[in-house]
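Per the numbering used here, residue 24 is the first one in the sequence shown, and the count goes up by one each step. We put the beta carbon where it would ideally sit given N, CA and C, even for glycine. Just below is one structure, and these are the notes that go with it.
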Amino acid sequence: MVKLSLFYLAAVSVRVAAAYNIDARQVSGASVGTSAGSPATQTSFSFTLATNNPTAVPLASIVSNAASQATHTLATTYAPGSTPTVVSGAPPLPNAALLAPSNYPALDVVVPTDSPEVQQWIQEVNNSGVAIPDFAPTVASGACGANAAAAADQTRCWWTCTGCVAATDITTCPDKLTWGLTYDDGPSPYTEDLLQFLDQNNLKTTFFAVGSRVISFPNILQTEYMGGHQIAVHTWSHPPLTTLTNAQIIGELGWSKKVIKDVLGVTPSHFRPPFGDIDNRVRAIAQAMGLTPVIWTRISPQATFDTDDFDLHSGLTTASHVLQNWDYISANASLINTGFILLEHDLFQQSVDIATGYILPDALLHQPPFKMVPVIECLNKPLSDAYVELNDNSTNPPPSGSVPSASAGASGSSGGSGSSGGSGSSKGSAVATAGLPGLGAVFALLMAILAGTTLLLS
Ligand SMILES: [Zn+2]
Numbered sequence: 024m025v026k027l028s029l030f031y032l033a034a035v036s037v038r039v040a041a042a043y044n045i046d047a048r049q050v051s052g053a054s055v056g057t058s059a060g061s062p063a064t065q066t067s068f069s070f071t072l073a074t075n076n077p078t079a080v081p082l083a084s085i086v087s088n089a090a091s092q093a094t095h096t097l098a099t100t101y102a103p104g105s106t107p108t109v110v111s112g113a114p115p116l117p118n119a120a121l122l123a124p125s126n127y128p129a130l131d132v133v134v135p136t137d138s139p140e141v142q143q144w145i146q147e148v149n150n151s152g153v154a155i156p157d158f159a160p161t162v163a164s165g166a167c168g169a170n171a172a173a174a175a176d177q178t179r180c181w182w183t184c185t186g187c188v189a190a191t192d193i194t195t196c197p198d199k200l201t202w203g204l205t206y207d208d209g210p211s212p213y214t215e216d217l218l219q220f221l222d223q224n225n226l227k228t229t230f231f232a233v234g235s236r237v238i239s240f241p242n243i244l245q246t247e248y249m250g251g252h253q254i255a256v257h258t259w260s261h262p263p264l265t266t267l268t269n270a271q272i273i274g275e276l277g278w279s280k281k282v283i284k285d286v287l288g289v290t291p292s293h294f295r296p297p298f299g300d301i302d303n304r305v306r307a308i309a310q311a312m313g314l315t316p317v318i319w320t321r322i323s324p325q326a327t328f329d330t331d332d333f334d335l336h337s338g339l340t341t342a343s344h345v346l347q348n349w350d351y352i353s354a355n356a357s358l359i360n361t362g363f364i365l366l367e368h369d370l371f372q373q374s375v376d377i378a379t380g381y382i383l384p385d386a387l388l389h390q391p392p393f394k395m396v397p398v399i400e401c402l403n404k405p406l407s408d409a410y411v412e413l414n415d416n417s418t419n420p421p422p423s424g425s426v427p428s429a430s431a432g433a434s435g436s437s438g439g440s441g442s443s444g445g446s447g448s449s450k451g452s453a454v455a456t457a458g459l460p461g462l463g464a465v466f467a468l469l470m471a472i473l474a475g476t477t478l479l480l481s
């Protein structure tokens with residue numbers, strides 16, 4: 024687990040709502056910047072935020088054992104057959120009520136590979152002409168230390184453990200101070216709170232949606248999409264992809280593409296690997312399936328643009344740590360010559376609370392201003408390029424050799440079985456964190472939460 028001790032040397036005090044003023048230490052910290060994950064025992068930091076939201080949940084209440092907040096019904100829902108107005112040429116919205124979860128794999132477990140759908144997608148990948156490197160799956164949840172040879176193999180170009188990026192990886196926005204907003208792991212019962220904040224501030228984001236959440240909350244995904252947010256793939260069950268077989272990777276990406284297509288009528292052209300766990304084998308399979316990878320900005324092994332907001336829910340970090348991370352990220356964002364992409368989540372209330380109460384309000388007052396847009400827009404491409412069926416290929420040609428329409432077939436009919444799953448943020452050695460084994464429990468808890476809140480959102 025990558026942890027930065029330099030942070031802790033700077034501990035002074037928490038100064039939320041103080042005037043924005045990057046001090047010299049923070050500026051000089053450009054090369055050490057942010058670090059995901061922090062010992063929860065550290066409670067005192069120096070950071071400077073421009074503002075807090077008067078309606079923000081108090082920091083002291085953004086803790087792992089926080090009482091569950093009431094979730095809000097969607098302010099806007101869309102009738103089946105509604106025509107999207109934010110993307111030209113989009114097909115009418117499918118009827119989410121007709122979706123049958125029994126036609127999809129089991130939630131939050133790696134999909135089985137013997138279904139007709141996965142078998143078809145495997146065939147399509149094989150026929151794509153894209154060469155899939157013959158790397159063995161990584162072990163131990165992709166932990167870097169347990170996969171030293173793989174990490175050292177430069178031909179594998181394993182981002183998780185080395186930061187290696189391929190030409191096709193999107194890790195930054197080209198224009199300085201432009202922020203490609205992203206929220207991962209939803210949709211969830213707390214997504215509506217984020218959507219309301221974004222709407223109130225005329226912001227659009229990219230949602231990296233987990234297929235298991237999409238089939239649970241299709242109406243939320245529809246509201247995101249119809250509101251002009253970018254929808255992208257984040258796998259079916261959120262496994263570290265380098266640990267999977269080729270067939271499993273194809274199944275995870277394929278089912279996620281398919282459920283989004285079934286809910287929205289369009290297929291995403293971009294995906295984010297859970298935990299940022301991607302190597303050249305995963306890249307090649309994604310390429311063959313028409314998916315361009317989006318990770319997040321990393322300017323040094325320790326300075327990844329990861330707020331670590333995901334770990335608030337479990338208590339592996341604190342709100343103060345997350346704001347400290349954000350403070351460093353925003354300082355570094357002003358220093359680098361490109362724009363940036365930041366990792367945040369909308370799965371748990373704590374992550375949404377820290378975003379809507381603190382990070383986003385602070386970002387909106389940042390000077391010089393951040394231009395906050397979905398990833399596709401930060402790349403200076405139209406929103407239509409985010410979807411296979413709407414992409415005219417002029418500014419966003421599909422990956423070479425890809426078969427991007429592969430998943431756009433009939434409704435699925437496959438059951439699933441298995442016993443693992445997980446979700447989480449990423450670190451420099453993210454998949455190596457001790458968090459992974461516990462993430463199954465996190466998801467079990469999540470499902471209990473969702474079971475209690477579904478009626479509020481349906
Ligand atoms: Zn994720």
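- By a beta-carbon distance limit of 8 Å, Asp334 does not contact Tyr206. Their separation comes to about 16 Å.
- At least 9 Å separates the beta-carbon of Val396 from that of Gly250.
- Inclusion of Ser279 and Val237 in the CB contact set at 9 Å is warranted, their separation being smaller than that value.
- In this structure, the C-beta of Asp207 approaches ligand 1 to less than 8 Å from one of its heavy atoms.
- Thr178 sits exposed, since fewer than 16 C-beta atoms from the chains shown fall within 10 Å of its C-beta.
- Going by DSSP, Pro384 is part of the alpha helix (DSSP H) stretching over 383-387.
- Around the CB of Ser343, 16 or more other CB atoms lie within 10 Å, so the residue is classed as buried.
- When distances are taken from the beta-carbon of Arg295 to the heavy atoms of ligand 1, the shortest one is below 8 Å.
- Linking Pro128 to Ser425 through their CA atoms gives a straight-line distance of about 24 Å.
- Within the DSSP bridge table, the entry for Phe230 names Tyr206, Ile254 as partners.
- Look at the beta carbons and you see the stretch 205-223 touching the stretch 231-245: at least three pairs across the two are nearer than 8 Å.
- Separation of the CB atoms of Thr201 and Gly362 is rounded to 3 Å, and the pair is thereby assigned contact status at 8 Å.
- The criterion of a C-beta distance shorter than 9 Å is not satisfied by Gly288 and Trp144.
- Residue state for Pro391 is assigned as coil, using DSSP reduced to three classes.
- With a cut-off of 8 Å, the C-beta of Val233 is classified as near ligand 1, since at least one heavy atom of the ligand falls inside that distance.
- A direct Cα-to-Cα measurement between Val148 and Thr71 gives close to 49 Å.
- Sequence-distant partners of Gly274 (beyond 5 residues in either direction) whose C-beta falls short of 6 Å from its own C-beta, in its chain, are Val134, Thr136, Val141.
- Taking 9 Å as the cut-off, the beta carbon of Ile399 is found no closer than this to the beta carbon of Thr258.
- The alpha helix (DSSP H) runs lying completely inside the stretch 85-160 and spanning 4 residues or more are 139-150, given in chain order.
- Taking 9 Å as the cut-off, the beta carbon of Val286 is found no closer than this to the beta carbon of Ser260.
- Where His344 is concerned, the enclosing alpha helix (DSSP H) starts and stops at 342-358.
- Nearest C-alpha to Gln373 among Ser87, Pro77, Tyr101: Ser87.
- At the C-beta level, His389 and Gln219 stay beyond 9 Å of one another.
- Using a Cβ distance threshold of 9 Å, Gly165 and Pro263 count as a contacting pair.
- Look at Pro241 here: in three-state DSSP terms it is helix.
- For Phe363, the distance from the CB to the nearest heavy atom of ligand 1 is not below 8 Å.
- One alpha carbon belongs to Leu358, the other to Lys199, and they sit about 9 Å apart.
- Per DSSP, reduced to three states, the secondary structure at Val286 is helical.
- Contact annotation: Cys180 and Arg306 have beta-carbon atoms nearer than 9 Å.
- Contact between Ile377 and Asp332 holds, since their C-beta atoms are separated by about 5 Å, short of 8 Å.
- The closest heavy atom of ligand 1 lies 8 Å or more from the beta carbon of Phe371.
- Phe158 has its Cβ no nearer than 8 Å to any heavy atom of ligand 1.
- With a threshold of 16 other beta carbon atoms within 10 Å, Gln223 falls short and is exposed.
- For Ser374, the enclosing alpha helix (DSSP H) has its first and last residue at 372-377.
- In the DSSP assignment, Asn303 falls within the alpha helix (DSSP H) that extends over 303-311.
- For Ile318, DSSP records no beta bridge to any residue.
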